[in-house]
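Following: one structure in structure tokens, then a few remarks.
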Amino acid sequence: MKLIELKKISKIYRMGKIDVAALQSIDLDIDKGEYLAIMGPSGSGKSTLMNVIGCLDTPSSGEYHLTGDNVSRLSDNELAAIRNRKIGFVFQTFNLLPRMNARKNVELPLIYSGMKKKDREHRAVELLEKVGIGDRVNHLPGELSGGQRQKVAIARALANNPDIILADEPTGNLDSRSGEEIMKIFDDLNKEGVTLIVVTHEKDIAKHMHYIIHLKDGLIVEKEINGK
Amino acid sequence: MSGYFEELVQTISSLKEQAMRSLLTMIGIIVGVMAIIGIVSIGQAGKNSIKKDLESFGTNIAAMWPERRENSVYKPLNKYDAEFLRHLAFIESVSPIYYLYKEVRYNDFKTTTMVNGVNEGYFKLNNRTVSTGRLFTEKENTGSRRVCVITEGIKNDIQKKYGIVNPVGRIIKIGDFPFYIIGVLKKPELKSFLSTLMSEERDVYVPENALKITFGNFDIRYLIFGLKEGVKPEKAKNSLEFLFRLRKGKNTYYGMNFLESQVNVFTGVMNKITFIITLIGALSLFVGGVGIMNIMFISVTERTREIGIRKALGASQNAIMRQFLSEAVIISFAGSTLGVLVGILITILIESAIKWGIYISALSVVISYVFSTLIGITFGLLPAKKAASLNPIDALRYE
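Keeping their order, the protein sequence lines are chains V and G. Numbering of the first sequence is given in my numbering, commencing with residue 1085 and proceeding in unit increments. Numbering of the second sequence is given in my numbering, commencing with residue 474 and proceeding in unit increments.
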């Protein structure tokens, strides 16, 4: 079943007087349960592609179907609802709210989806236990190590049982041991059937995925299948 | 919605973390609310106290006296003038006042004070009653009886010195002449500024004829008279000026003072002060609102990344809007609550110092609450809109 269907997706930015194409007529299908990496040099358009897939941005032209719905021409608020229900983000810089403890951070997407307080707290603790930091529920992000922070972020991304997890350089700010731990969690999540898309420039990280999409100048130049 | 409540709790805790900044932001609102509550309440207390005092007088009283002016002849008032006044249709009653400064003695107690010669109608006109004893009668006045009504001040002096609780029936000497004390005047319970005009501590009242017979016939110092109900002071004044010029000569002049017009002047001034300070208060609220807007813009900029994160996690524009708007409303609401508390406190302090009676205008409290909340919404709207319309990608990238 096709989870993501990108048809001739282009994104054009206006820089002064000239138009710059960040994405040029991208066609890409991603099935449910897939585990893939997006690689490419900086300026290749991988961030823009992530933003479009993550419904943070809309394409200039082309169509984007997510779980069968056309989401390429939705309003700001409609996109917010889709991000809330269908997409989980994991960022390089974690992006936790510093004044909230781990549990409250995980609860945030649940607040916006309207879950009741009690259910929310229960769900948040459950998720933190799942990623292995059930003993850090009441810690503020500042009191956690980088690896622990990223685990909180993963728990938060999983909060509303999204269709896809989008991770942008998830190990970029971590030492190699913490990085390995994070990748182990990703591997496990994929084995449970979660679809994961990871943007990275590290070959070692990309090796975990089923295949790698190579981008250059806004075009898909290669689809590399990883041999098991 | 429980999520909304949760957001509110978050907002309050983030404001608490920046208590100093929040407090400084609130100052404009605090001062504005304080000023409005203070001035409206104190102004109203002043008007209330005057109204109560006027009611205690019952009639609209006035005074009249001869005056020496440039190009005018000084002609004293006499008992025929008093009689003339008494017969005017718009005048209720008249009491001529004679007074002297004399030494008043009781045994070894001595004081020099104002001795007033009045008729029996004077007390009714001024709504004065006795606390003990009685007032003198018309008969005692026409018979020039040497009786007197003393005031609390003298009564207290005698009581202190000789332990006499009830001086009625005793004899005091005014100058060299003995007078029977027949009553003690009750202190007038005045609360407004009128009490300062009417203050008398150690006065003595005797029948006018007794005063004249004892100390020599002299002129009336001034006349006190009451206007009939519904008579306007300005009209009465015009008529009296005209009539007295006819009666006493073209080039005479008589000063007049009407209680009601004094009160009107006071109320008018009070209303103007109230208006001006309320205006200043409203201005302060406006400036406070701009302060809130300013701090909200700073807050939005500082929290751009947070807004980006929230939007990425699915916060709608409305949710972000609500978050920042409620912050502005909470600041102005907390500010006006503080303003109300401090305002009430200061108002009570001032009112008890000037003895106008404690009065807090509930209306001013309600209006300043509503007004400051409106200000919070109005001035929070623009920053909240800015926050809500931030592009999540740019916001996430913001350092």
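In this text, a Cβ means the ideal position worked out from N, Cα and C, and glycines have one as well.
query = Can you list the beta strand (DSSP E) stretches of 3 or more residues lying completely in the stretch 596-662 of chain G, in chain order?
reply = Taken in chain order, the complete beta strand (DSSP E) segments of 3 residues or longer contained in the stretch 596-662 of chain G are 603-606, 620-623, 644-647, 650-658.
request  = Would you kindly work out how many angstroms separate the C-alpha atoms of G:F596 and G:T602, rounded to a whole number?
outcome  = Working through the second sequence from its first residue, we reach residue 596 of chain G at position 123. Working through the second sequence from its first residue, we reach residue 602 of chain G at position 129. Cα to Cα, G:F596 sits roughly 7 Å from G:T602.
request  = Starting from V:R1167, follow the alpha helix (DSSP H) in both directions and report where the run begins and ends.
outcome  = Start at 1 with the first residue of the first sequence, and residue 1167 of chain V comes out as number 83. V:R1167 -> alpha helix (DSSP H) spans 1160-1170.
task = Report yes or no: do the stretch 759-773 of chain G and the stretch 1144-1160 of chain V share at least 3 C-beta pairs separated by less than 8 Å?
result = No, because fewer than three Cβ pairs between the stretch 759-773 of chain G and the stretch 1144-1160 of chain V fall closer than 8 Å, the two stretches do not touch.
key: Exposed unless 16 or more other CB atoms sit within 10 angstroms - verdict on G:I782   = Residue mapping note: residue 782 of chain G aligns to position 309 of the second sequence, counting from 1. With a 10 Å radius around the Cβ and a threshold of 16 neighbouring Cβ atoms, G:I782 comes out buried.
query = Mind checking G:E543: buried by the 16 CB within 10 Å criterion, or exposed?
reply = Taking the first residue of the second sequence as 1, we reach residue 543 of chain G at position 70. Exposed, because fewer than 16 other Cβ atoms sit within 10 Å of the Cβ of G:E543.
ask   = Beta-carbon of V:P1246 versus every beta-carbon of chain G: anything under 7 Å?
value = Indexing the first sequence from 1 puts residue 1246 of chain V at position 162. The beta-carbon of V:P1246 is placed no less than 7 Å from the nearest beta-carbon of chain G.
query = Is it buried or exposed for G:M794, if we count other Cβ within 10 angstroms and need 16 for buried?
reply = Numbered from 1 along the second sequence, position 321 holds the residue referred to as residue 794 of chain G. Of the other Cβ atoms in all chains shown, 16 or more fall within 10 Å of the Cβ of G:M794; this residue is therefore buried.
query = For G:Q790, does the three-state DSSP call read helix, strand or coil?
reply = Position 317 of the second sequence holds residue 790 of chain G. Three-state DSSP puts G:Q790 in a helix.
query = For V:R1187, which residues from the same chain have a beta carbon less than 8 Å from its beta carbon, with the 5 sequence-adjacent residues on both sides left out?
reply = Taking the first residue of the first sequence as 1, we reach residue 1187 of chain V at position 103. Closer than 8 Å at the Cβ level, and outside the excluded window around V:R1187, lie E1205, A1208, V1209, L1212, V1221, N1222.
query = Unbroken beta strand (DSSP E) runs of length 3 or more, entirely within the stretch 712-764 of chain G: which are they?
reply = Given a length threshold of 3 residues, each whole run of the beta strand (DSSP E) inside the stretch 712-764 of chain G is given here in chain order: 727-731.
Proximal residues to G:N521 (C-beta, below 8 Å), its chain only, five neighbours per side dropped = Start at 1 with the first residue of the second sequence, and residue 521 of chain G comes out as number 48. In the same chain as G:N521, and ignoring 5 residues on each side of it, the C-beta atoms closer than 8 Å to its own belong to W829, G830, Y832, in chain order.
ask   = Do three or more CB pairs link the stretch 834-844 of chain G to the stretch 523-542 of chain G at distances below 8 Å?
value = Not touching, per the Cβ criterion.
key: Nearest-angstrom Cα separation, counted from V:M1199 out to G:F478   = Taking the first residue of the second sequence as 1, we reach residue 478 of chain G at position 5. Taking the first residue of the first sequence as 1, we reach residue 1199 of chain V at position 115. Between G:F478 and V:M1199, the C-alpha separation is close to 13 Å.
task = Report back the beta-carbon spacing between V:K1086 and V:D1115 to the nearest angstrom; my notes put them in contact at under 8 Å.
result = Counted from its first residue, the first sequence places residue 1086 of chain V at position 2. Counted from its first residue, the first sequence places residue 1115 of chain V at position 31. About 6 Å separates the two Cβ atoms, so the contact holds.
inquiry  = Can you pull the chain G neighbours of V:S1197, defined as C-beta to C-beta under 8 Å?
reply    = The residue given as residue 1197 of chain V occupies position 113 in the first sequence. Chain G residues near V:S1197: G787.
ask   = Could you check where the alpha helix (DSSP H) with G:G853 kicks off and where it finishes?
value = Translated into the one-based positions of the second sequence, residue 853 of chain G becomes position 380. Note, G:G853: alpha helix (DSSP H), 835-861.
query = Does DSSP put G:S475 in a helix, a strand or coil?
reply = Translated into positions along the second sequence, residue 475 of chain G becomes position 2. Because G:S475 carries a pLDDT of 48, less than 50, the predicted location of this residue cannot be relied on, and no value is offered for it.
task = Give the residues of chain A in contact with G:I782, contact being defined as C-beta atoms less than 7 Å apart.
result = Included in the structure are the protein chains V and G, with no chain A among them.
message = Residues of chain G with CB closer than 7 Å to the CB of V:L1140, please, in chain order.
response = Counted from its first residue, the first sequence places residue 1140 of chain V at position 56. Going along chain G in sequence order, the residues near V:L1140 (Cβ under 7 Å) are A785, P865, I866.
query = When we look at the beta-carbon of G:R618 and count the other beta-carbons within 10 Å, is it buried (16 or more) or exposed?
reply = Here the question's residue 618 of chain G lines up with position 145 in the second sequence. Counting every other CB atom within 10 Å of its CB across the protein chains shown gives G:R618 a total of 16 or more, marking it as buried.
message = On the DSSP letters alone, give me the boundaries of the beta strand (DSSP E) that G:R578 sits inside.
response = As a first step, residue 578 of chain G must be located in the second sequence, where it is residue number 105. For G:R578, the uninterrupted beta strand (DSSP E) run begins and ends at 564-579, by DSSP.
request  = Look up G:S545 in the DSSP assignment and give the residues it is bridged to.
outcome  = Along the second sequence, read from residue 1 onward, the residue named residue 545 of chain G stands at position 72. Beta-bridge pairing by DSSP links G:S545 to no other residue.
Close Cβ partners of V:A1105 (< 6 Å) along its chain, the five nearest in sequence each way excluded = The sequence position of residue 1105 of chain V within the first sequence is 21, counting from 1. Once the five neighbours on either side are set aside, the close Cβ partners of V:A1105 are I1096, G1302.
ask   = What residue from G:L550, G:A857, G:A755 has the CA that sits closest to G:V802's CA?
value = Your numbering for residue 802 of chain G matches position 329 in the second sequence. The shortest C-alpha separation from G:V802 is found at G:A857.
ask   = Any idea what DSSP makes of G:Y695, helix, strand or coil?
value = For the purposes of this step, residue 695 of chain G is taken as residue 222 along the second sequence, with counting starting at 1. The three-state secondary structure of G:Y695, taken from DSSP, is strand.
key: Distance CB(G:N565)-CB(G:K701) smaller than 7 Å   = Taking the second sequence and counting its residues from 1, one reaches residue 565 of chain G at position 92. Taking the second sequence and counting its residues from 1, one reaches residue 701 of chain G at position 228. Here residue 565 of chain G turns out to be Glu, not Asn, going by the sequence shown. Cβ distance < 7 Å, so G:E565 and G:K701 count as in contact.
Within the stretch 1242-1275 of chain V, ranges of the beta strand (DSSP E) (whole runs, at least 3 residues) = Within the stretch 1242-1275 of chain V, the complete beta strand (DSSP E) runs of at least 3 residues are 1248-1252.
Backbone CA spacing between V:L1299 and V:I1122 [nearest angstrom] = By one-based count along the first sequence, residue 1299 of chain V stands at place 215. By one-based count along the first sequence, residue 1122 of chain V stands at place 38. Per the coordinates, the alpha-carbon of V:L1299 lies some 7 Å from the alpha-carbon of V:I1122.
ask   = Is the shortest distance between the beta-carbon of V:L1299 and the beta-carbons of chain G less than 7 Å?
value = Taking the first sequence and counting its residues from 1, the one referred to as residue 1299 of chain V is at position 215. Not closer than 7 Å to any Cβ of chain G, the Cβ of V:L1299 fails to qualify, so no.
Alpha carbon of G:Y726 to alpha carbon of G:I512, nearest angstrom = Indexing the second sequence from 1 puts residue 726 of chain G at position 253. Indexing the second sequence from 1 puts residue 512 of chain G at position 39. Separation of G:Y726 and G:I512 (C-alpha to C-alpha, rounded to the nearest whole angstrom) is 40 Å.
request  = Identify the continuous beta strand (DSSP E) that holds V:L1090 and give its terminal residues.
outcome  = Taking the first sequence and counting its residues from 1, the one referred to as residue 1090 of chain V is at position 6. Here the beta strand (DSSP E) through V:L1090 covers 1086-1099.
message = So, for G:V591: in the same chain, excluding its five sequence neighbours on each side, which residues have a beta-carbon less than 7 Å away from its beta-carbon?
response = For this step, residue 591 of chain G is matched to residue 118 along the second sequence. So the qualifying residues of the chain are S568, I570, Y678, E681.
request  = For G:M474, count neighbouring C-beta atoms within 10 Å of its own C-beta (all shown protein chains included) and say buried if the count is 16 or more, exposed if not.
outcome  = As a first step, residue 474 of chain G must be located in the second sequence, where it is residue number 1. Low confidence applies to G:M474: its pLDDT is 45, below 50, so where it sits in the model is not reliable enough to give any reading.
query = Fully enclosed by the stretch 774-823 of chain G, which beta strand (DSSP E) runs are 3 residues long or longer?
reply = Correct list: empty.
message = Give me, in chain order, the residues of the same chain whose beta-carbon lies closer than 7 Å to that of G:V736; leave out the 5 immediate sequence neighbours on both sides.
response = In the second sequence, residue 736 of chain G corresponds to position 263, counting from 1. Here the set comprises I523, L527.
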